[in-house]
Each structure stands twice: as C-alpha cells, then as structure tokens.
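Numbers 146 to 207, taken from the working numbering, label the letters of the sequence shown in order. For each residue, glycine too, the CB sits at the ideal point set by N, CA and C. Note that this is a predicted model, so its numbers are computed, not measured. Right, one structure below, let's go through it.
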Amino acid sequence: MSMRVNQIVTHLRPEDVCSIIEFLDQVRDMLMKAYGDDIKIMLQEASQRNPAQRESDGDESI
C-alpha cells in the first residue's frame, strides 16, 4: 500500500479560504459532539500529571 501525499495550495481566493474555514468548523463541531467529553477528560488528566509543564509552556500574559 502506498502513502498518498496531498499538496496544499497556498494561494487561494478569499471565498475558497472562507469555505475551508467553514468546513473545518463543521468538522470540529462534529468531533466535539462525538469525542468532546473524552477530550476534556484527557486534557484534565494530562494537566494533573504535568502541572509544571503548563507554566514552562509560555502561558504568560503580555
């Protein structure tokens, strides 16, 4: 089985960019409905295991 490589176009019309963003919003919403609770639990567990990591990740206000 060969891996398929997709090229991302870097010069888009504003209308095309808007369509892509709307599509990504729909995908995010669908994924959050399906997996949102699991994602929240995973993030809470990760933050409890690595409290010092959050501070060193540049979580500083400017």
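Which residue marks the beginning of the alpha helix (DSSP H) containing residue i, and which one marks its end?
i: V150; result: Looking at the DSSP string, V150 is not in any alpha helix (DSSP H), and its letter there is neither H nor E.
i: R247; result: There is no way to answer for residue 247, as the model of the chain reaches only from 146 to 207.
Could you check whether residue j and residue i sit closer than 9 Å to each other, using their CB atoms as the reference points?
i: M177; j: I184; result: yes
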